[in-house]
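A.B. asks: So that we are looking at the same thing, I have put the structure below in structure tokens.
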Amino acid sequence: ATEWTAAHTLKNVVLALTHLDGTREIVVVGIPGDRDIDDKRVEVAFAPAEVEAATEADFAKHPLLVKGYIGPWSPTGPVLGEESATGIRYLLDPRVVDGTAWITGANIDQRHVHSLVAGRDFSGDGVVEAATVRPGDPAPDGSGPVELARGMEIGHVFQLGRKYAEALGLKVLDENGKLATVTMGSYGIGVTRILAIIAELNNDAKGLIWPESVAPFDVHVVATGRDAAAFELAASVSEQLEAAGLDVLYDDRPKVSPGVKFGDAELVGIPRILIVGRGAADGEVELWDRRSGERETLPVAEAVARLQA
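Our numbering numbers the first residue of the sequence shown as 41 and each following residue consecutively.
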């Protein structure tokens, strides 16, 4: 005996499509009962038509559809499909293949039917990929099971169709020299979202680590200690680097400890940090790679040359 689960049920979701010419079509999608319709997938599947859940007014026009107990079969004959009593287009999930048996609505209030076999007792007018995707589902390209991960939307495409163009009377001449209403689209990339993604992907426990290609500065010069020579050398090096075309962030705060300055440098995350401190009198500075954490003591000229390179 088989233990029946939600996966053995055939859930029939009633959708209303509004086509570009304004006509409204009711469509029913049959999916396994342990899944839901994915809004984005169904939007793509029926583009350029707009998709929404069927309303009470839609059901009122189709009394053969008994809400909560909708199925492709009834004791009096087929209910779903272009050749059925309702004439409603019926599309099936790829998992509903011929030979599979299902429990589904009998189109009678409080009644279901079991062991309804696809291909024998009912069939669809086509196949549609509209159900939610789960970890472990086969990838469309046959590369193996799907893994799901959280993502962030950084761009979008709005298929506006002709809704606003018609309202605005926005027309152009077509190839035949006749006026035609334009089809509109909106395409955008979120600059601030990209910054958030950069921060999310480039950081450690101490702060940001800017990729060199998009860092707000090329080098962060930090003057440490209380020796005036360090501050003079740091200012001089900063000027040299700026003259060479580099963007420089110079920390010349006189009464802030080296530890606080280093902590701030790690937090800000400029890719290269140049520390001017104890070795200033000997013409030496420390070059600190923010990403690798490596520090190297170098003569000033060599450090400047390396940063320019």
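All residues carry an ideal CB built from backbone N, CA and C; glycine is no exception.
How is PRO185 classed by DSSP in three states: helix, strand or coil?
C.D. replies: strand
A.B. asks: In whole angstroms, what is the alpha-carbon distance linking GLY121 and TRP142?
C.D. replies: Rounded to the nearest whole angstrom, the CA to CA distance from GLY121 to TRP142 is 17 Å.
A.B. asks: So GLN150 is in the alpha helix (DSSP H); what residue range does that whole segment cover?
C.D. replies: For GLN150, there is no enclosing alpha helix (DSSP H), as DSSP marks it with neither H nor E.
A.B. asks: Give the range of the beta strand (DSSP E) segment to which ALA93 is assigned.
C.D. replies: 90-93
A.B. asks: Along the chain, where does the alpha helix (DSSP H) that runs through PHE99 open and close?
C.D. replies: 96-100
A.B. asks: So, helix, strand or coil for LYS301, using DSSP?
C.D. replies: helix
A.B. asks: Does the separation of the CB atoms of ALA270 and VAL231 fall below 7 Å?
C.D. replies: Contact flag unset, no.
A.B. asks: DSSP state of LYS218, grouped into three classes?
C.D. replies: coil
A.B. asks: Can you give, in chain order, each stretch of the beta strand (DSSP E) that sits fully within the region 235-273 and has at least 3 residues?
C.D. replies: 259-263
A.B. asks: Where do the ends of the beta strand (DSSP E) carrying ASP329 lie?
C.D. replies: 324-329
A.B. asks: Is the distance from the Cβ of VAL340 to the Cβ of GLY319 below 7 Å?
C.D. replies: no
A.B. asks: Within this structure, are the beta carbons of ALA171 and ASP133 separated by less than 7 Å?
C.D. replies: Yes.
A.B. asks: Let me see if you follow: with CB-CB separation under 7 Å, is VAL106 close to chain D or not?
C.D. replies: Structure shown: chain D not included; a single protein chain is present.
A.B. asks: If distances are taken between C-alpha atoms only, which option among THR223, ASN216, LYS295 and PRO185 comes closest to PHE198?
C.D. replies: THR223
A.B. asks: Among PRO88, ASP304 and VAL106, which has the Cα closest to the Cα of ALA94?
C.D. replies: Comparing alpha carbon positions, the residue from PRO88, ASP304 and VAL106 closest to ALA94 is VAL106.
A.B. asks: Pick from ARG293, PHE302, VAL325 and GLY285: whose alpha carbon is nearest that of LEU273?
C.D. replies: VAL325
A.B. asks: Helix, strand or coil for GLY319? Go by DSSP, reduced to three states.
C.D. replies: The answer is helix: DSSP assigns GLY319 an H, G or I state.
A.B. asks: What residue from ALA46, PRO72, VAL308 and ALA89 has the CA that sits closest to ASP61's CA?
C.D. replies: ALA89
A.B. asks: Hey, PRO115 and PHE162 are a contact pair by Cβ (cut 8 Å); roughly how many whole angstroms apart?
C.D. replies: No, PRO115 and PHE162 are not in contact; Cβ-Cβ is about 13 Å, not under 8 Å.
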